[in-house]
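Okay, so here's the structure we're looking at.
Chains as they are written, first to last, in UniProt numbering: chain A, 1 to 352; chain B, 1 to 352; chain C, 1 to 352.
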């Protein structure tokens, strides 16, 4: 998108969203405006992060991208946690994971596959990602089984949640050490430091200022959006689960999603796969456990126990994404399968 | 089998089965006669389909084989649906899937492996089939989890079942487009259009007439067989589940089963694997959802919710079949493992 | 370890353990002494088995190693069965499986990986092992699903358990036939007959005598250890599950564990992987079903129904071990992931 146009849209939507909040527009209108504003401010934050990462050099830059790539998602979730909307936080985490693995990966593979008969990428990385995805699923799955089938007390539940959160974060940090320090040369260039589309041509100073401004903007719009959710969900008879898993997850990741699809259509399917799978790994191994710790600091620990249908959604997404990406080749039909699974889950969550 | 002998057997068993039905033979006798008759008429239908497919040219022929390869199974199930034996329909679908993945594949791999130390086949196709199998499992698994753990109402259950059925059929049709049109050249010749044994040397006109006659014969014998099931299951204390999953599934697929085993023993293990896995995919992605739609047309929608033990049976079969076929090599011991799992499931279903 | 030192330790700990038992030391002291004694006597039994196997020739030797490699584990479990501690038996089997797949494999991969950037091994064997591990999981998983969701009676439960135990043992015997007779040449030398470290330089006669003596010593110390368990678990507020799965499993396999880690550090990662995965397969496909049959001979059949959390622990261990070993390459980070899953399970079991 043209940069001037983007900034105009960004400022207009931010202002409209602020106006909606302070002048009490109707709930639905407020929700729609804030949702569109989130797409813009999250996109802005993503671009600013990339630009700062660009100046920070390969290693630190890779780290920044890996850590703050889902900053918008994280900020929205923190406001949800402050509002004690724990169920919606977990639904939005679920939605972000399946959105990346099914919608983003599916669209990338489908649209890339319609243009190129077969697209190939380094499946050495896919192997590593597969093991990490299994780790992520285990980290979310084990607490649910133990807490439910052993009828854990509140304290046991909290302790296990904090412990698992800590272990997942340590695993994530060690993964950064592995992929950026000890075994950097063995993984494709695509990893982490991937060129996620055209980097904006901002100066170093400007990039840093933009990063700060974007973060603040995301924080404001997130709060305004969170305020509208209850009324909106009531008005349209939508469950918290559906809003969290499909609405919030999609608007919070829209910018990243479009980047992946555009890369796939330029035959850079490896980078698209890396964005989609890397982002979902980041959510499961870093964002989710950080939110557990943040909630504990707020004095009211959110547990890491996802519901059976959330775990099912995550589990089936990981399985089919793993199966599609395993051989380092993609075609349009694999994109169709990913999207079909997304539609099935969407209908099922809508009916809940 | 000698063709003359086959036709004699076909006519004799059909006549005996009709006599049994109209002159009210004992229930057990009627059941046994109809079961043997089904093996003959289903075999006849299979041969007629292949012969028509042969004249229809490669593309349309492949489509016919892919769509009507399980026609006998489909017709039997339609009569079960008309009799509102929904549980038995689902049990017979389960049985057809696990019968193909464990019994047919297991016998083919074992007997082929006893003759040839190692058999190899194109595992490019196995990769694709693996992803489709995962799609099939997801399609059957997701509704069960949502309906049970979210306590869906009857209406929600029906809506989800119809929606998932529609999505599975669309996936199946797009798979035909992929494998027969857009990526035909990339998959092995074995796919779909596989030479499933010696094609009968019938003229074009004869083939079409035979197809019509065979379909009518299957329909009649299916009805006669369905009539005997209640009394038979009561007399021998067998559960509907066991009869559906092991008896009906085996007699309905016997002809196809023997074709696969014979191919494996001629060292055409790839074709045998394709029959076994392709047939189970067809059941899960095409026959099962078509039956949901057929039941809706009869005014009494059968839902797509399988029981935990049926899903377990399907899930474990897919996992072990995927593991065995993944590397494009088979040996006798892998056949043993598949058959052992079949025996475990058989005993467990028998005890229910 | 220096052999003289080892024998001194062995005799001292055995004597102390006997003294503790007969002169009624405090429970905790008795427990600690017996636990250390088990490490020594189990190590002695392992060495004696290997030495006898060495003289028995490759085929019979491989069979001995494969069958009696977990003899110490088996003997401890038999004493637990005599004491009707069925829950602790199943917990210790679970612990032995996950201990091998996560702790032993994890430490081997991590420590080997810290020394060598990347370690490689024959992944032909890994493929076979993966299929066998899936078979093992199915054998333990199917009875649990059927018994629980179909509310099997006591008799149905017993019948299914004995049948599945028989099938698993037959599968295991046929695996020995496959890997040692019919397809011996196709699998790596690492299989079964692997050189598990430096073989002790004992004469043939001495080896046999040592084997008998070691077996008797394990039997005695096992009984003394089992006697202390109730009091010990009560005193420290540890569940039977935790003691079985983590304490007994670790002390019973300590010698084998250290052998695997030492091999990995000598860059023989293939042999280390084979010990870890081969040992867990032996537990699941041979030791567990033999214990079912042994309990039946004692007149009180232990069923093969594991709890949901035990099955979860086994299932996730198999999945991540399969994912790590699948590509025939390992690095330190994969070791970290295995150990992290072990820690998560350890905490969860501790909290139960």
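For each residue, glycine too, the CB sits at the ideal point set by N, CA and C.
Within the stretch 139-165 of chain C, 139, 141, 142, 143, 145, 146, 149, 150, 152, 156, 159, 160, 163, 164 place their CB atoms closer than 8 Å to a CB of chain B, listed in sequence order. When C-beta atoms of the stretch 155-171 of chain A are compared with those of the stretch 13-28 of chain A, fewer than three pairs fall below 8 Å, so the two segments do not count as touching. In this structure, the CA atom of residue 290/C is about 52 Å from the CA atom of residue 81/A. With fewer than three CB-CB distances shorter than 8 Å, the stretch 113-133 of chain A does not count as touching the stretch 234-254 of chain A. Those residues of the stretch 302-328 of chain B placed with their C-beta closer than 7 Å to a C-beta in chain C are 308, 309, 312, 316, 319, 320, 323, 324, 327, ordered along the chain. Within the stretch 286-315 of chain B, the runs of alpha helix (DSSP H) that reach at least 4 residues and sit entirely inside it are, in chain order, 288-297. By the C-beta criterion, the stretch 96-111 of chain B is judged not to be in contact with the stretch 293-300 of chain A, since fewer than 3 inter-stretch pairs fall below 8 Å. Against chain A, the CB of residue 288/B has no partner CB under 8 Å away; the residue lies outside that interface. The Cβ-Cβ distance between residue 146/C and residue 125/C does not fall below 8 Å. The beta carbons of residue 341/A and residue 305/A sit no closer together than 8 Å. The beta carbon of residue 91/A sits closer than 6 Å to the beta carbons of 241, 244, 245 from its chain, once the five residues preceding and following it are set aside; these are given in chain order. Neighbours of residue 333/C in chain A, taken as residues whose beta carbon is under 7 Å from its own, are 174, 175, 178 in chain order. Put simply, the backbone Cα of residue 83/B is about 15 Å away from that of residue 233/B. In the structure shown, the three-state DSSP call for residue 120/C is strand.
When DSSP states are grouped into helix, strand and coil, residue 330/C belongs to the strand group.
Here residue 5/C is exposed, its C-beta having fewer than 16 other C-beta atoms within 10 Å.
Nearest CB-CB separation between residue 264/B and chain C: not below the 8 Å threshold.
Within its own chain, the residues whose Cβ lies closer than 6 Å to the Cβ of residue 277/C, once the five positions on either side in sequence are excluded, are 129, listed in chain order. Looking from the CA of residue 8/A, the closest CA among 32/A, 37/A, 99/A, 25/A belongs to 37/A. Identification of chain A residues near residue 127/B by a Cβ-Cβ cut-off of 7 Å yields 327, ordered along the chain.
Residues are counted here when their Cβ sits less than 8 Å from a Cβ of chain B; for the stretch 334-348 of chain A these are 334, 336, 337, 340, 341, 343, 344, 345, 347, 348, given in chain order. Counting other Cβ atoms within 10 Å of its Cβ, residue 54/A reaches 16 or more and is therefore classed as buried. Here the stretch 43-51 of chain A makes contact with the stretch 202-221 of chain A; the two share three or more CB pairs at distances below 8 Å. Spanning the alpha carbons of residue 328/B and residue 119/B requires a straight line of approximately 8 Å. Taking all protein chains shown into account, residue 314/C has 16 or more neighbouring C-beta atoms within 10 Å of its C-beta and is therefore buried. Annotation: Cβ neighbours of residue 130/B in chain A (cutoff 9 Å, chain order): 323, 326. A distance below 6 Å between beta-carbons, with the five flanking residues on each side excluded, links residue 76/B to the following residues of its chain, in chain order: 222, 252. If the five residues before and after residue 115/C are omitted, its C-beta is found closer than 8 Å to the C-beta atoms of 265, 267, all from its own chain and listed in chain order.
Chain order gives the chain A residues near residue 352/C as 146, 150, 152, 156, where near means a beta carbon separation below 9 Å. Closest in alpha carbon position to residue 269/C, among 112/C, 41/C, 72/C, 332/C, is 112/C. Membership of residue 21/C in the alpha helix (DSSP H) is indicated by the continuous run 3-22.
For residue 283/A, the nearest beta carbon of chain C is not closer than 8 Å to its own beta carbon.
Cβ atoms of residue 254/B and residue 41/B stay farther apart than 8 Å, at about 11 Å. Between residue 62/A and residue 180/A, the C-beta gap is smaller than 8 Å, which places the two residues in contact. When the five nearest sequence neighbours on each side are left out, the beta carbons in the same chain lying within less than 6 Å of the beta carbon of residue 158/C are those of 301, in order along the chain.
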